[in-house]
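All remarks here apply to the structure that follows.
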Amino acid sequence: MKARRHMAIREIVSNQKISTQEELCAALSAQGFMVTQATVSRDIKELKLVKVPGPEGYHYALPDASPPRSSLDRMRRIFLDTVVEITDSENLVVVKTIPGSAHLVASNIDAAEIPEIVGTVAGDDTIIVVVKPTKAVPEVLKWFRSLLT
387 MKARRHMAIR EIVSNQKIST QEELCAALSA QGFMVTQATV SRDIKELKLV
437 KVPGPEGYHY ALPDASPPRS SLDRMRRIFL DTVVEITDSE NLVVVKTIPG
487 SAHLVASNID AAEIPEIVGT VAGDDTIIVV VKPTKAVPEV LKWFRSLLT
């Protein structure tokens, strides 16, 4: 439901001049989505919508294009070149790298802006990745490990 609503919001702000959250609520309602202003506010934040100036005032727009595919390719290359082990404990993922590479890997993990990752702490060859909620750890591990193939 949320994914469908987010798709609808992207379509609406791409094709209409929506200036307020109330206008977005009404546009979603017209498409059969029953939402509150609080839900729309969260959606705007999650979708990272921005307000841009126009001839008739400010309106919502999609953020600049998502990071280029090369960012994922770069992250995969960095993981392949530097990561030697990935393990977990409770809500922590521990990433072991070759000496001197932990900061580079941690910086790329942070830049990926994965919502389930609260943050990273990097030493010389070890990174602690804090994951919230704990139930998201298997998915984060799966994603990290997919970068190694």
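If you read the sequence shown in the numbering used here, its first letter stands for residue 387, the second for the next number, and so on.
Don't be surprised by glycine CBs; every beta carbon is placed ideally from N, CA and C.
C-alpha gap between residue i and residue j, whole angstroms
i, j, result
"S452", "T520", "With a pLDDT of only 46 at S452, under the threshold of 50, the placement of this residue in the model should not be trusted, and no figure is reported."
"M393", "P485", "43 angstroms"
"I472", "F465", "11 angstroms"
"D510", "A488", "6 angstroms"
"C415", "V491", "For the record, residue 415 in the displayed sequence is Ser; it is not Cys. One C-alpha to the other measures close to 43 angstroms."
"N401", "N494", "34 angstroms"
"V516", "L435", "26 angstroms"
"T425", "T483", "40 angstroms"
When the options are compared against residue i, the one with the closest alpha-carbon
i, options, result
"I430", "A416, V470 and S405", "S405"
"N477", "S487, A498 and E525", "E525"
"K403", "I514, S427, L448 and R390", "L448"
"R463", "A389, I395 and F530", "F530"
"L562", "E502, A498 and E409", "Nothing about residue 562 can be read from this structure; the chain reaches only from 387 to 535."
"H445", "V469, G418, T422 and E408", "E408"
"V340", "T468, T425, A508 and M461", "Because the chain in this structure spans residues 387 to 535, residue 340 falls outside the shown range and cannot be described."
"Q423", "L433, E432, A416 and L410", "L410"
"V438", "D450, S427, R428 and E432", "D450"
"R428", "S475, K388, I513 and V523", "K388"
"E432", "I398, I500 and V523", "I500"
"I513", "G443, V469 and L534", "V469"
"L533", "E442, M461 and G505", "M461"
First and last residue of the uninterrupted beta strand (DSSP E) at residue i
i, result
"I404", "First-last for I404: undefined, no H or E at that position."
"V504", "I503 to A508"
"V523", "Not the beta strand (DSSP E): V523 falls in the alpha helix (DSSP H), residues V523 to S532."
"T512", "T512 to V517"
Which ranges would you report for the beta strand (DSSP E) in the segment 428-501 if only whole runs of at least 3 residues count?
-> The segment 428-501 contains these whole beta strand (DSSP E) runs: 436-440, 443-447, 469-475 and 478-483.
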